[in-house]
Amino acid sequence: MAAALVNVPKKAKNGDVIEIKALMSHVMETGYRRTTSGTLIPRDIITSFTCRFEGEEVFRADLFPGTAANPFISFFTVATKSGKFDFEWIGDNGFSETGSASITVE
Amino acid sequence: MKVAATIVMASLLLAAGVALRPLIATEIPSAERRSGYTFMAPDTKAMQDDDTTNPGMLGVLDGEALWNRKGGSAGKSCADCHDDARVSMKGVAARYPAFDKALARPVNLEQRINLCRARHQEAEPLAYEKHDLLALTTYVAEQSRGMPITPDTGPELQPFIAKGRDFFMHRQGQLNLACTNCHDDNWDKHLAGSAVTQAIPNGYPIYRLEWQSLGSLQRRLRNCITGMRAQNYDFGTPELVELELYLMSRARGMPIETPAVRP
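Those protein sequence lines, which keep their order, are chains R and C.
Note that the numbering used here numbers the first sequence so that position 75 is 70, with each residue one more than the last.
For the numbering used here, count along the second sequence from 1 and bump the result up by 747.
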């Protein structure tokens, strides 16, 4: 289980614009680098990040070899009701991690 | 006559130069010391300040898991002896490297963890600069965040601090530079666009953006030694630990920032 840090405000008022932050630990090996002996280091990156709110997709990002290690993704959405955000990171070599955070909307 | 005037003029210029910039390097006065943090751009500062954007916190999370994992022939975890790190490890990083009686020399935090593994867990040492040792060290050091650096003032450490200071002051390598030439005399200037800074090691292990990972103080020191084109030292060698000791004594009283972010 790779370490992840997700940050969603615990409480918000209906209609508030809220910031969601997600930090995932991953080496993001580009696939273009070589070892000192000249062997190519195989690509190992996260290829997709998805955030769903109560099952409905609210944000998605495709990631490529140009993204630095431990990708940090931040985005905004409008809080309309209480519920749970589910985060999913998918990548090379069967990498798949999930996280979640809940929000109470008053 | 003309030659004599030139000599006089040159001597005057030399004298003025010497007066402006002493040839003997001087250490930074206590009040003028600055954390590497103060040299950073606002974006990088913000990244360090927020625990949900600081990538070093991922190491802290992994370190916490390792703290509680049983290992070695003894089948013990760190927590089995030390309980809650948030209590038992508070202030520990602020006084390291510390003197180890059995080895009769100072050891840094990474070495202390590996000594603990050997003596109490009967486990293999964790490799330098690999994720597990960095994560565990970061977790331990993070317990001292905000606390002032308080180096051990015991007499047994003094000769080692003196050796570390000698290393810092001694010119070496193909560029014939000493650490002090940059970090005492020119810390307010730039080297290839980057701030030189004062060599205050108050945030290690750091998450360095250039490395895209956590790294130890010794990794940083080895970087500098390579930059000076001098003969490098392996991780954990006494020379590097002595240098760490001296640097921590320079940083006395400054707050620990682990896990610090640096560019």
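We put the beta carbon where it would ideally sit given N, CA and C, even for glycine.
Take every Cβ of the stretch 844 to 855 of chain C, pair it with every Cβ of the stretch 785 to 802 of chain C, and state whether three or more of those distances are shorter than 8 Å.
no
Determine the closest residue to Thr927(C) out of Ser891(C), Met975(C), Gln921(C), with distance taken between C-alpha atoms.
Along the second sequence, one-based indexing puts residue 927(C) at 180. Nearest of Ser891(C), Met975(C), Gln921(C) to Thr927(C), Cα basis: Met975(C).
Between the beta-carbon of Pro948(C) and the beta-carbon of Leu994(C), is there less than 8 Å?
In the second sequence, residue 948(C) corresponds to position 201, counting from 1. In the second sequence, residue 994(C) corresponds to position 247, counting from 1. Against a cut-off of 8 Å, the Cβ pair of Leu994(C) and Pro948(C) comes out as a contact.
For a cutoff of 8 Å on Cβ pairs, would you count Lys16(R) as touching chain C?
The sequence position of residue 16(R) within the first sequence is 21, counting from 1. At least one chain C Cβ lies under 8 Å of Lys16(R).
Please check if any C-beta of chain D sits within less than 8 Å of the C-beta of Gln905(C).
Note that chain D does not occur in the displayed structure, where the protein chains are R and C.
Closest to Phe59(R) by CA distance: which of Asp39(R), Ser32(R), Met19(R), Gly94(R) is it?
If you number the first sequence from 1, residue 59(R) lands on position 64. Answer by Cα proximity: Asp39(R).
Taking Arg892(C) as the reference, give the member of Ala778(C), Arg842(C), Asp827(C) with the closest Cα.
Start at 1 with the first residue of the second sequence, and residue 892(C) comes out as number 145. Answer by Cα proximity: Arg842(C).
Can the beta-carbon of Pro895(C) be found less than 8 Å from the beta-carbon of Gly1000(C)?
Residue 895(C) sits at position 148 when you count from the first residue of the second sequence. Residue 1000(C) sits at position 253 when you count from the first residue of the second sequence. Yes. Within cutoff.
Three-way DSSP call (helix, strand, coil) for Asp809(C) in this model:
By 1-based counting over the second sequence, the position of residue 809(C) is 62. Reduced to three states, the DSSP call for Asp809(C) is helix.
How would you list, in chain order, the residues of chain R whose beta-carbon sits under 7 Å from the beta-carbon of Tyr809(C)?
On the second sequence, position 62 is the one that residue 809(C) refers to. Strictly speaking, residue 809(C) in this sequence is Asp, with Tyr absent from that position. By Cβ distance, chain R contributes Ala(-2).
Where Ala942(C) sits in the DSSP three-state scheme:
For the purposes of this step, residue 942(C) is taken as residue 195 along the second sequence, with counting starting at 1. Three-state result, Ala942(C): strand.
In the DSSP output, which residue or residues are listed as bridge partners for Cys46(R)?
Taking the first sequence and counting its residues from 1, the one referred to as residue 46(R) is at position 51. Paired residues: Phe54(R), Phe82(R).
Just to check my reading of the structure: Gly940(C) and Thr885(C) have Cβ atoms closer than 8 Å, yes? What is that Cβ distance to the nearest angstrom?
For the purposes of this step, residue 940(C) is identified with residue 193 of the second sequence, where counting begins at 1. For the purposes of this step, residue 885(C) is identified with residue 138 of the second sequence, where counting begins at 1. Rounded, the Cβ-Cβ distance is 28 Å, inconsistent with contact.
How long is the line joining the alpha carbons of Phe82(R) and Val887(C), rounded to whole angstroms?
What you label residue 82(R) is simply residue 87 of the first sequence in a count that begins at 1. What you label residue 887(C) is simply residue 140 of the second sequence in a count that begins at 1. Roughly 29 Å separates the two Cα atoms.
From Asn970(C) to Ser963(C), what distance separates their C-alpha atoms?
As a position in the second sequence, residue 970(C) is number 223, starting the count at 1. As a position in the second sequence, residue 963(C) is number 216, starting the count at 1. Answer to the nearest angstrom: the Cα atoms are 11 Å apart.
So which of Cys46(R), Lys6(R), Ala(-1)(R) has the shortest CA-CA distance to Lys76(R)?
Working through the first sequence from its first residue, we reach residue 76(R) at position 81. Residue Lys6(R) is the option with its Cα nearest to Lys76(R).
Cutoff 8 Å: Phe67(R) Cβ touching any chain C Cβ
As a working mapping, residue 67(R) is identified with position 72 in the first sequence. Yes, Phe67(R) counts as interfacial toward chain C.
Spatial neighbours of Asn855(C) within its chain, please: CB distance less than 7 Å, with the 5 preceding and 5 following residues excluded, ordered by chain position.
Working through the second sequence from its first residue, we reach residue 855(C) at position 108. Excluding residues within five positions, the ones whose Cβ falls inside 7 Å are Tyr843, Pro844, Val988, Glu991.
Can you tell me the Cα-Cα spacing of Pro1002(C) and Ile36(R), whole angstroms?
Mapped onto the second sequence, residue 1002(C) falls at position 255. Mapped onto the first sequence, residue 36(R) falls at position 41. Rounded to the nearest angstrom, the two C-alpha atoms are 39 Å apart.
Run of the beta strand (DSSP E) containing Met19(R), from where it starts to where it stops
Within the first sequence, residue 19(R) is the residue found at index 24, counting from 1. 12 to 19 is the span of the beta strand (DSSP E), which, as asked, contains Met19(R).
Where do the N-terminal and C-terminal ends of the alpha helix (DSSP H) with Leu703(C) fall, by residue?
This structure does not reach residue 703(C), given that chain C is present from 748 up to 1010, and the question cannot be answered.
Does the beta carbon of Met804(C) sit closer than 8 Å to a beta carbon anywhere in chain R?
On the second sequence, residue 804(C) is found 57 positions in, with the first residue counted as 1. It does: the Cβ of Met804(C) has a partner Cβ on chain R nearer than 8 Å.
From which residue to which residue does the beta strand (DSSP E) around Asn2(R) run?
The count along the first sequence starts at 1 and reaches residue 2(R) at position 7. Counting along the chain, the beta strand (DSSP E) containing Asn2(R) begins and ends at -1 to 2.
Residues in its own chain within less than 8 Å of Arg852(C) by CB, not counting five upstream and five downstream?
Residue mapping note: residue 852(C) aligns to position 105 of the second sequence, counting from 1. Counting only Cβ-Cβ distances below 8 Å, and skipping sequence neighbours, we find Phe846, Phe907, Pro985, Val988.
Under 7 Å from the C-beta of Ala64(R): neighbouring residues of chain C:
Reading the first sequence from its first residue, position 69 is the one you call residue 64(R). Near Ala64(R) (Cβ distances below 7 Å), the residues of chain C are Gln959, Ser960.
Are any of the Cβ atoms in chain C nearer than 8 Å to that of Ser20(R)?
Along the first sequence, one-based indexing puts residue 20(R) at 25. So, interface residue.
Arg977(C) by DSSP, collapsed to three states: which one?
To locate residue 977(C), count along the second sequence from 1; it is residue 230. Reading the sequence as shown, one finds Ala at residue 977(C) and not Arg. Three-state result, Ala977(C): coil.
On the three-state DSSP scale, how would you describe Ile1003(C)?
The residue labelled residue 1003(C) in the question sits at position 256 within the second sequence. It is coil, neither helix nor strand.
Neighbourhood of Asn933(C) by C-beta, 7 Å cutoff - its chain only, sequence neighbours within 5 removed:
Numbered from 1 along the second sequence, position 186 holds the residue referred to as residue 933(C). Contacts found: Val943.
Where Tyr951(C) and Ala56(R) are concerned, what is the direct C-alpha to C-alpha distance, given to the nearest angstrom?
Looking up residue 951(C) in the second sequence gives position 204. Looking up residue 56(R) in the first sequence gives position 61. So the alpha carbons of these two residues sit roughly 33 Å apart.
Using the beta-carbon of each residue, which ones in chain R are nearer than 7 Å to Thr800(C)?
The residue labelled residue 800(C) in the question sits at position 53 within the second sequence. The contacting residues are Lys16, Leu18, Phe67.
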